[in-house]
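Just so you know, the protein sequences line up as chains A and B, in that order.
Going by my numbering, 218 is the number at position 73 of the first sequence; the sequence numbering is gapless.
Going by my numbering, 435 is the number at position 398 of the second sequence; the sequence numbering is gapless.
Note that the Cβ used here is the ideal one computed from N, Cα and C, for glycine as well.
Computed from a predicted structure; not experimentally measured.
Okay, structure first, notes after.
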Amino acid sequence: MMWFNLAKAQSFMPTEGTEIAKQVDNLYGFLLITSFIACVLVIGGMIYFVYKYKRKSDNDKTAYISHNTALEFLWSFIPLVIFLAVFAWGWYIYHGMRTMPKNALEINVLGKQWAWEIEYKNGFKAVNEVVVPVNTDVKLLLTSQDVIHSFFVPSFRIKQDAVPGRYTALWFNATKLGEFHIFCAEYCGTSHSGMIGKLRVVTQEEFNKYLEEGQEEGQLPLAKRGEKLFALKACASCHSVDSPAVKVGPSLFKKFGTEEVLEGGAKVVVDENYLRESILQPNAKIVNGFPHGVMPTFQGQINENELNALVEYVKSLSGK
Amino acid sequence: MGNHSSAAGENYLNHEKGLWSWLTTVDHKRIGLMYMITVMFFFLVGGIMALLLRLELFAPNTVQGVGQVLKNGDIYNQVLTYHGAIMVFMVIVPGIPAILGNFFLPIHLGAKDVAFPKINLLSWYCFMAGAALAIATFFTHKIDTGWTFYTPYSIRTGTSTVLMVLGAFIMGMSSVLTGLNFIVTVHKLRAPGMTMHRMPLFVWALYSTAILQMLATPVLAITLLLLAAEKIFGVGIFDPALGGDPVLFQHFFWFYSHPAVYIMILPAMGIVSELIATFSRKVIFGYTAIAYSSLGIAAVSFFVWGHHMFVSGQSATAGIIFSFITMLVGVPTAIKMFNWVATIYKGSVRFDSPMLFALGFLFLFAIGGVTGIMLAVLPIDVHFHDTYFVVAHFHYVMVGGTLMALMGGFYYWFPKMFGKMFNESLARLSFVFIFVGFNVTFFPQFVLGAMGMPRRYFDYIPAYETLNKISTVGSWLILTGFLFGLYTIVQGIRKGEKAPMNPWGAKTLEWQTSSPPPHFNFDVEPVVTAGPYEYR
Ligand code: HEM
Ligand SMILES: [Cu+2]
Numbered sequence: 146m147m148w149f150n151l152a153k154a155q156s157f158m159p160t161e162g163t164e165i166a167k168q169v170d171n172l173y174g175f176l177l178i179t180s181f182i183a184c185v186l187v188i189g190g191m192i193y194f195v196y197k198y199k200r201k202s203d204n205d206k207t208a209y210i211s212h213n214t215a216l217e218f219l220w221s222f223i224p225l226v227i228f229l230a231v232f233a234w235g236w237y238i239y240h241g242m243r244t245m246p247k248n249a250l251e252i253n254v255l256g257k258q259w260a261w262e263i264e265y266k267n268g269f270k271a272v273n274e275v276v277v278p279v280n281t282d283v284k285l286l287l288t289s290q291d292v293i294h295s296f297f298v299p300s301f302r303i304k305q306d307a308v309p310g311r312y313t314a315l316w317f318n319a320t321k322l323g324e325f326h327i328f329c330a331e332y333c334g335t336s337h338s339g340m341i342g343k344l345r346v347v348t349q350e351e352f353n354k355y356l357e358e359g360q361e362e363g364q365l366p367l368a369k370r371g372e373k374l375f376a377l378k379a380c381a382s383c384h385s386v387d388s389p390a391v392k393v394g395p396s397l398f399k400k401f402g403t404e405e406v407l408e409g410g411a412k413v414v415v416d417e418n419y420l421r422e423s424i425l426q427p428n429a430k431i432v433n434g435f436p437h438g439v440m441p442t443f444q445g446q447i448n449e450n451e452l453n454a455l456v457e458y459v460k461s462l463s464g465k
Numbered sequence: 038m039g040n041h042s043s044a045a046g047e048n049y050l051n052h053e054k055g056l057w058s059w060l061t062t063v064d065h066k067r068i069g070l071m072y073m074i075t076v077m078f079f080f081l082v083g084g085i086m087a088l089l090l091r092l093e094l095f096a097p098n099t100v101q102g103v104g105q106v107l108k109n110g111d112i113y114n115q116v117l118t119y120h121g122a123i124m125v126f127m128v129i130v131p132g133i134p135a136i137l138g139n140f141f142l143p144i145h146l147g148a149k150d151v152a153f154p155k156i157n158l159l160s161w162y163c164f165m166a167g168a169a170l171a172i173a174t175f176f177t178h179k180i181d182t183g184w185t186f187y188t189p190y191s192i193r194t195g196t197s198t199v200l201m202v203l204g205a206f207i208m209g210m211s212s213v214l215t216g217l218n219f220i221v222t223v224h225k226l227r228a229p230g231m232t233m234h235r236m237p238l239f240v241w242a243l244y245s246t247a248i249l250q251m252l253a254t255p256v257l258a259i260t261l262l263l264l265a266a267e268k269i270f271g272v273g274i275f276d277p278a279l280g281g282d283p284v285l286f287q288h289f290f291w292f293y294s295h296p297a298v299y300i301m302i303l304p305a306m307g308i309v310s311e312l313i314a315t316f317s318r319k320v321i322f323g324y325t326a327i328a329y330s331s332l333g334i335a336a337v338s339f340f341v342w343g344h345h346m347f348v349s350g351q352s353a354t355a356g357i358i359f360s361f362i363t364m365l366v367g368v369p370t371a372i373k374m375f376n377w378v379a380t381i382y383k384g385s386v387r388f389d390s391p392m393l394f395a396l397g398f399l400f401l402f403a404i405g406g407v408t409g410i411m412l413a414v415l416p417i418d419v420h421f422h423d424t425y426f427v428v429a430h431f432h433y434v435m436v437g438g439t440l441m442a443l444m445g446g447f448y449y450w451f452p453k454m455f456g457k458m459f460n461e462s463l464a465r466l467s468f469v470f471i472f473v474g475f476n477v478t479f480f481p482q483f484v485l486g487a488m489g490m491p492r493r494y495f496d497y498i499p500a501y502e503t504l505n506k507i508s509t510v511g512s513w514l515i516l517t518g519f520l521f522g523l524y525t526i527v528q529g530i531r532k533g534e535k536a537p538m539n540p541w542g543a544k545t546l547e548w549q550t551s552s553p554p555p556h557f558n559f560d561v562e563p564v565v566t567a568g569p570y571e572y573r
């Protein structure tokens, strides 16, 4: 058993976020050990033989052994038995993975180039972030609006293609609080590798709150949502919004639609894309007279919907 | 040249002179060499692309400079597509059968040529035409679909999928023609006394491969034509927007491409059987088991395509059945491994460079094999599918397996093909670099896959950085190894000592004719009286 745990620990699989992940790792641990033994037997046997039977003279006589029925039967039969046992074990786990629990919490996930759009039953939508309560059966209903994507959460050992024109599904029951990566595992073009989301496992209370607030927020006007976020993310500590006064960074008051002079003299119009870039990559274009590397990037900390809201808010500061 | 007794010093190389005599030759040996030159060229191109991919992955894109070798995701995806497509369709699939198979299959059988020499030449021209079309896309719209052309991406992406697919189609015809030629040659042109059970195992392997080429390739051809039709006329077979089924394409595609994996590996197994027998100077253990397991693998390989689609949305039942059958294919493969090791037992082993490559094959193929079993187990594949674990697995099988065997076979038969010996120390050096570099490159990718890094990624999260760095450094070692290999070959051809008829003391027929062989292979038609490995 110690061996087994060792193999499991050395398997480099990510955190086990579900019960099924543990089952998968058990099987994988077993396979690692048997594979290791098989390789040692075959490769070790090979190395041992080549040294033992190294050519000694130019006319060495060799044994004439053309076959050995008993041996051949054994080494066909033993792998067969192991393979079938492993197959059956795998089947058992897979059955659990593929049998959708009744009364699961259902969440719709739409794949598109290049983001995951999540929609809860109450109509609340989020981008690249799935929030679920801990210890609850969750069923994700997947589809895609363009090409095939694949929803992959390594920590949960689950993966399922999102195919345009049909629904596919997967389920899990997260046993650990925390944040886990969601990757797209089916090649889908330019930003395939950027199609990363997070899966946040929270307590039931937090989840309820999240949904409620989300729903309320979803009903606020876009600019209002942006205003809340602006405060939440502490943007206001560096940017003034009600006068042209300069704090740490440039003021955003009536800034939208104007021209900004950059370091080196180039000019740029403050439009939606400039704002977006400045939020995600603050150091890409520095306004003349301001230092580099002061503003932190918000890449990965806000999703597309939030970004929309922020941009809309900044626009609203110009009365536009 | 009515008779086939050759004047002293005359051989297939100097039999006729001039470029034109090569371009119009129907001599299977010359055609083998022409394939060799073209395939080596494509390997170089595909290899440079691999190095670029690895260079890009040396660091995540947040690192200025090193992480941005390929500028953006689109360029990465294109390079990835060409690397994959070139390596599969222009290097590994034609590789062994077209080069070494063409050259040695007739000689192994004691024949003067293949059954249809002109068709043989035609197949080289098909190959070149297909490759030219495929490469032409490079100068029109580069394609970025991946070598698998999955729909609906391949239909939507505005690039020249049609041209590429047509190229693959024509190269497929070349593959079918070669297969046809080999099957007929095996059945019709064996020398007196050469029964099926006296054929070398390399011939058996080529024979099984030829059957696969004949049966599977047309399916790919039809699939690719359907894809082209879908793209040009919008017929609605694969595109969900037109009522088609995108997963259907995957079924079609893998119905060819899974057997294709065996088109890539079976010939390699054939070479390894030859090398192990010769350099252990011993009769091969379980000749019939090896011969017929090739046929068995070829047959079963048609029924396992669904193991590429466990998470595609096909039914759970289908997944279970495919997983079961896949497990069954593992058995004959394991048997072959045991047979090779048993052959070495009580042999008399020499460590010449071809043997080193054969042993390298066994080592890498063992790892490729056990990880293949892991991937066949449903719940484990759900985690590993489309991650770097798969990338590592197929490189272990295709590069570690097929390419090692190709290199080994190439060194083994080099004296026969060119009549010269190569520099043994240089050849060993190339082996060491390739073998070590290969493991440094691809072993970390198993771990990356287990950690969850998906494949076909232009960029990755910081957690994957160290292993990617190691992997990239490994690719430079492989490069070094191949450069040594190339140098060995060129130097051997130009300056090598004259090779004797049978430098390794082997028993198969090709060693009973002069090096290099005369135009019609043998001065006197051989008569076969015993099996190919009668070392007593
Ligand atoms: C010799 C050194 C090689 C290196 C360093 C190398 C490296 C790579 C890399 C980095 C990828 C991209 C993996 C991904 O993101 O999915 C890749 C993909 C691939 N390689 Fe290689 N490779 C090598 C040789 C070969 C050879 C000889 C073959 C021949 C069969 C081959 C066949 C493939 C295929 C089929 C793909 C998949 C392409 C796709 O996903 O569309 N590689 N390789
Ligand atoms: Cu995607």
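What span of residues does the alpha helix (DSSP H) with residue i cover, start to end?
i        : result
B:THR525 : 502-532
A:GLU161 : No alpha helix (DSSP H) holds A:GLU161; DSSP gives it neither H nor E.
B:ILE334 : 324-337
A:GLY241 : 214-243
B:ALA355 : 353-381
B:ALA314 : 283-317
Quick one: list the residues of chain B neighbouring residue i, beta-carbon separation under 9 Å, in chain order.
i        : result
A:PHE317 : Within chain B, no residue comes near A:PHE317; the closest Cβ sits about 12 Å away, beyond 9 Å.
A:LEU176 : VAL407, ILE410, MET411, VAL414 and ILE417
A:ARG421 : The contacting residues do not exist; A:ARG421 stays about 17 Å from chain B at best.
A:ASP416 : What A:ASP416 touches in chain B: nothing, since even the nearest Cβ is about 22 Å away.
By DSSP, does residue i sit in helix, in strand, or in coil?
i        : result
A:LEU377 : helix
B:TRP57  : helix
B:LEU396 : helix
A:GLN446 : coil
A:GLN426 : coil
B:VAL240 : helix
B:SER170 : Per the sequence shown, the amino acid found at residue 170 of chain B is Leu instead of Ser. Looking at B:LEU170 - three-state DSSP - the assignment turns out to be helix.
A:ASN318 : strand
B:ASP276 : coil
A:ARG345 : strand
B:ALA543 : coil
A:ILE263 : strand
A:VAL187 : helix
A:THR179 : helix
A:VAL439 : coil
A:GLU251 : strand
Along chain B, in chain order, which residues have C-beta atoms closer than 8 Å to that of residue i?
i        : result
A:LEU172 : VAL414, PRO416 and ILE417
A:PHE324 : The identity of residue 324 of chain A in the sequence shown is Glu, whereas the question assumes Phe. Those within 8 Å of A:GLU324 in chain B number zero; the least Cβ separation is about 12 Å.
A:ILE188 : LEU399, PHE400 and ALA403
Per DSSP, which residues does residue i bridge with? Please list them.
i        : result
A:HIS294 : A:ALA307
A:SER289 : A:GLY256 and A:PRO309
Using the beta-carbon of each residue, which ones in chain A are nearer than 7 Å to residue i?
i        : result
B:HIS345 : Going along chain A, no residue has its Cβ under 7 Å from B:HIS345, so there is no contact; the nearest lies around 12 Å.
B:ALA371 : PRO224
B:HIS288 : Under the 7 Å cutoff, chain A gives no residues; its nearest Cβ is about 13 Å from B:HIS288.
B:ARG465 : By Cβ distance, chain A contributes nothing, its closest Cβ being about 15 Å from B:ARG465, past 7 Å.
List, in order along the chain, the chain A residues whose C-beta lies closer than 8 Å to that of residue i?
i        : result
B:TYR201 : The question names Tyr, yet the displayed sequence has Met at residue 201 of chain B. Those within 8 Å of B:MET201 in chain A number zero; the least Cβ separation is about 16 Å.
B:SER294 : Those within 8 Å of B:SER294 in chain A number zero; the least Cβ separation is about 15 Å.
B:GLY446 : Ordered by position in chain A, no residue passes the 8 Å Cβ test against B:GLY446, which lies about 19 Å from the chain.
Please list, in chain order, the chain A residues whose beta carbon lies closer than 9 Å to that of residue i.
i        : result
B:THR194 : VAL292 and GLY334
In the DSSP assignment, find the beta strand (DSSP E) that holds residue i and state where it starts and stops.
i        : result
B:MET232 : Per the sequence shown, the amino acid found at residue 232 of chain B is Thr instead of Met. Note, B:THR232: premise wrong, no beta strand (DSSP E); not H, not E.
A:ILE327 : 323-329
What residues from chain B crowd round residue i, counting only those whose CB sits closer than 7 Å?
i        : result
A:ILE238 : PRO416
Runs of beta strand (DSSP E) lying entirely within the stretch 456-481 of chain B, each at least 3 residues, in chain order: none
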